[in-house]
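Sequential numbering of the sequence shown, starting at 812, is according to the numbering used here. Structure first, commentary second.
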Amino acid sequence: MNTLRQSHVLALLISSLLGSVAYAQEPSQHAGTLDTARIEQLTGAKGKLDTAENVFKVTVPRSDLAVSVAGVKMTAATGFTSWAAFTPAGDHTMVMGDMVLQENQINPVMSTALENGIEVTALHNHFLWDTPKVMFMHIGGSGEAESLATAVGKVFAKIKETSSAKTPAKPKSFDVVKTSLDPKPLETIIGSPIEKTGEVYKVTIGRTTQMDGHTIGKTMGVNTWAVFAGSNDKAIVEGDFAVLESELQGVLKVLRGAGIAITTIHNHMVGESPRILFLHYWGEGNANDLAKAFKAALDTQSKT
């Protein structure tokens, strides 16, 4: 083989090798494709595909709500639209979304999400001075696309089902100043000391995390607490759970399973490690039953 031919063959070989390396290093633009028509069918909502991000987002405007904020009449386009976005993620699909809810819808919709494999990641307000009061429940999940879309469809259906429902009638009110319950059985159930605070009874369970190289704990606000008031038969419990991210779904499921209402899920700090989330709750019923629900939620944390 003459020198010219050898050089030509060598150049072709190098070019082929470089091409193979470049191909191997080039990232896939789309990890997978979405059956957008099927997602629309299962969610019962219309969507739009963002081809640049390979994300299909379905939306449900809350046009059934007549909301005013600080006296300003709002529309669905001003931030009152429920949505869920789907995207391929390796060998599975990821979903994230935000549900627009009135107060009486929050817990039925949350239970529907949790019972169908959708995670609830935050619950808070987006506005002040809104009438009627509107809260926003953020969701997430990963798995098989059809299962996720089916679950989201059930969430949307529950929102529609409860959109015209009246707020459930509350039991006859009582004055917490006249609390008469016996704290001893509650202390036995929970397994932690209960202190009298004013006329009510409170239990506080500390946790720790790190901020700026320092340990912060119970007295700095990293704690789970519950206040019990009323009588043994007709009581309320309200408080705050401090949870790791990995513990949130388990605590939510136990509390909702016991009929405890979740009122807020959010962070109290930034930059801490491990990250601590806080969920606020409210329950009504027999004092011992409320204590058992609180304890059961605590127990899920020790198992996580």
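Every residue gets a Cβ at the ideal spot worked out from N, C-alpha and C, and that includes glycine. Note that the structure is a prediction, hence the values are computed from the model and not measured.
For this session: Report yes if the CB atom of Gly964 is closer than 8 Å to the CB atom of Gly855, and no otherwise.
Result: Yes.
Exercise. Beta-carbon separation of Ala933 and Ile1076 under 8 Å?
Worked result: Contact check for Ala933 against Ile1076 passes: the beta carbons are separated by less than 8 Å.
Exercise. Quick one: Cα of Val871 to Cα of Phe967, how far?
Worked result: Rounded to whole angstroms, Val871 to Phe967 spans 8 Å at the Cα level.
Exercise. Between the Cα of Gly890 and the Cα atoms of Leu1059, Ala1102, Phe938, which residue gives the shortest distance?
Worked result: Nearest to Gly890 by alpha-carbon distance, out of Leu1059, Ala1102, Phe938, is Phe938.
Problem set entry | At least 3 beta-carbon pairs within less than 8 Å: the stretch 1095-1104 vs the stretch 991-1010 | Counting C-beta pairs closer than 8 Å gives three or more between the stretch 1095-1104 and the stretch 991-1010, which meets the contact rule.
For this session: Answer with buried or exposed for His841, where buried requires no fewer than 16 other C-beta atoms within 10 angstroms of its C-beta.
Result: Bear in mind that a pLDDT of 44 at His841, under 50, signals an unreliable position, so the number given afterwards is only what the model happens to contain. His841 is exposed by the Cβ-count criterion.
Exercise. With which residues is Trp1093 paired in a DSSP beta bridge?
Worked result: Per DSSP, Glu1049, Ala1072.
Exercise. Exposed or buried, Asp1110, counting other C-beta atoms within 10 Å across all chains shown (16 or more means buried)?
Worked result: Label assigned to Asp1110: exposed.
Exercise. DSSP beta-bridge partners for Thr1030?
Worked result: DSSP, once it has assigned bridges, lists no residue as partnering Thr1030.
Problem set entry | Rounded straight-line distance, which links the Cα of Val878 to that of Ser893 | Roughly 15 Å separates the two Cα atoms.
Exercise. To the nearest angstrom, how far is it from the Cα of Ser1113 to the Cα of Gly1028?
Worked result: Straight-line Cα distance between these residues: approximately 17 Å.
Exercise. Taking Val1054 as the reference, which of Lys1045, Thr1074, Gly1017, Thr1030 has the closest Cα?
Worked result: Selected option, being the one with the closest Cα: Gly1017.
Exercise. Beta strand (DSSP E) containing Pro805: first to last residue?
Worked result: Outside the displayed range of the chain (812 to 1115) lies residue 805, so it cannot be described from this structure.
Exercise. According to the neighbour-count rule (16 or more other Cβ atoms, all chains shown, within 10 Å of its Cβ), is Ala863 buried or exposed?
Worked result: Exposure of Ala863 is indicated by the presence of fewer than 16 other C-beta atoms within 10 angstroms of its C-beta.
Exercise. Closest to Thr1026 by CA distance: which of His1079, Ser1084, Ile1005 is it?
Worked result: Of the candidates His1079, Ser1084, Ile1005, the one whose C-alpha sits nearest the C-alpha of Thr1026 is Ser1084.
Exercise. In three-state DSSP terms, what is Met948?
Worked result: Reduced to three states, the DSSP call for Met948 is strand.
For this session: Assuming Arg1067 and Met946 form a contact by the criterion Cβ under 8 Å, report the distance between their Cβ atoms to the nearest whole angstrom.
Result: Rounded, the Cβ-Cβ distance is 15 Å, inconsistent with contact.
Exercise. Is Gln1021 buried or exposed, if buried means 16 or more other CB atoms sit within 10 Å of its CB?
Worked result: It counts as exposed.
Exercise. Cβ of Ala962 within 8 Å of Cβ of Gly928?
Worked result: Closer than 8 Å, so yes.
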